[in-house]
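Count along the sequence shown from 1, then add 44; that gives the number in the numbering used here. Positions of the beta carbon are idealized from the N, C-alpha and C atoms, including for glycine. What follows is a short report on a single structure.
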Amino acid sequence: MLQCRSDRPRQEEQLQDSPVLEVLSQRVSCGKLTEPGPSPEQLLQIKRAALRAADHRLLRPWRFLVVEGDARYRLGELFVEAETRRKAELEDKQRDKILAKPLRAPTLIVAVARCRDDPKVPEVEQLLSAGAAVQNMLNAAFALGVGAMWRTGGFAYDDHVRAGLGLGESDRIVGFLYLGTPATALKPALDIDPDDYFSTWP
Ligand SMILES: Cc1cc2nc3c(=O)[nH]c(=O)nc-3n(C[C@H](O)[C@H](O)[C@H](O)COP(=O)(O)O)c2cc1C
45 MLQCRSDRPR QEEQLQDSPV LEVLSQRVSC GKLTEPGPSP EQLLQIKRAA LRAADHRLLR
105 PWRFLVVEGD ARYRLGELFV EAETRRKAEL EDKQRDKILA KPLRAPTLIV AVARCRDDPK
165 VPEVEQLLSA GAAVQNMLNA AFALGVGAMW RTGGFAYDDH VRAGLGLGES DRIVGFLYLG
225 TPATALKPAL DIDPDDYFST WP
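Right under this line is the structure:
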């Protein structure tokens, strides 16, 4: 429970060993992921975290597609189709590399910004909300010991991929969240000095 200002000494004590703050300040991505993916319970926690993204006027400008198992092969094929439409022909090596992309983790979540016209909430705010949802999922995954990596790349911005996923023309893929068991030790979080990025104004 958050404390009010008059409780500050107690609050500071609590903050020092808050597991939540530990997650927020120590979270790192993991690019090398293997089986198993998150359990259904873990996935539910990750989904719930996404839905707590800050959201101006509660537009809920996000949708998420969970891609697991054989569906990852279909996603790889969709990527190959998209690439083929861009380049006339693909070498086998290139094709295999693209097909393997969604196999980099047992579970993927395609995070989509579904922005709509709103008199008070410009598109950028809705995109930011979708990004916040992804960040919440990264943090939740880290808290649960699930490895995670937010990726985009050209296929995130490809119309053929968007349509193949059943998304609308104005939907924007803001990321492919890769989830699984870390296959390597997690790197330590960089120790960045807040003063490098925060200053007092004026
Ligand atoms: C919108 C967005 C897209 C990203 N796309 C990629 C990507 O396609 N490939 C990649 O290696 N890292 C990508 N990253 C960066 C990684 O997810 C990760 O944040 C970065 O490697 C730093 O690691 P850290 O999260 O442990 O600090 C992306 C990050 C964001 C916010």
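Which value, in whole angstroms, describes the spacing of the CA atoms of residue i and residue j?
| i | j | result |
| --- | --- | --- |
| C159 | V111 | 22 Å |
| K76 | G189 | 14 Å |
| A97 | P63 | 19 Å |
| E213 | D61 | 46 Å |
| K145 | C74 | 15 Å |
| Q89 | V124 | 32 Å |
| A177 | T225 | 21 Å |
| W245 | P238 | 15 Å |
| I153 | E135 | 28 Å |
| A126 | V205 | 6 Å |
| D202 | P163 | 28 Å |
| A229 | N183 | 17 Å |
| E79 | A185 | 15 Å |
| Q47 | L65 | Interpretation of Q47 is limited by its pLDDT of 46, a score under 50 that renders its predicted location unreliable; no figure is taken from the coordinates. |
| A132 | G113 | 30 Å |
| A207 | Q179 | 25 Å |
Going by C-alpha distance, which of the options is nearest residue i?
| i | options | result |
| --- | --- | --- |
| G81 | L122, P232, R148 | R148 |
| M193 | R96, T244, E167, K231 | K231 |
| F199 | A184, A185, F220 | F220 |
| A155 | E169, L172, I217 | I217 |
| D140 | T128, R104, D99 | T128 |
| I142 | A132, A157, L122, D161 | L122 |
| R104 | G208, L209, E169, Q179 | E169 |
| Y117 | D99, A132, P150, F108 | P150 |
| A174 | Q86, S83, H100, P84 | H100 |
Quick check on residue i: does DSSP put it in helix, strand or coil?
| i | result |
| --- | --- |
| L237 | For clarity, residue 237 is Asp in the given sequence; the question names Leu instead. Three-state DSSP puts D237 in coil, outside helix and strand. |
| G78 | With the sequence shown as reference, residue 78 is identified as Thr, and Gly is not the correct amino acid for it. In the structure shown, T78 sits in a strand (DSSP, three-state: E or B). |
| E213 | coil |
| R158 | strand |
| E135 | coil |
| V124 | helix |
| L103 | coil |
| G197 | coil |
| V67 | helix |
| G175 | helix |
| F279 | Because the chain here runs from 45 to 246, residue 279 falls outside it and cannot be looked at. |
| P226 | strand |
Using the Cβ count rule (16 or more neighbours within 10 Å means buried), how would you classify residue i?
| i | result |
| --- | --- |
| Q70 | exposed |
| A93 | buried |
| G210 | exposed |
| Y241 | exposed |
When you compare the CB of residue i with every CB in chain C, is at least one pair closer than 8 Å?
| i | result |
| --- | --- |
| Q89 | This model lacks chain C altogether; it includes just one protein chain. |
Problem set entry | Neighbourhood of ligand 1 [Cβ distance below 6 Å to any heavy atom], ordered by chain position | Per the Cβ criterion, the list is V72, S73, M193, W194, R195, T196, G197, G219.
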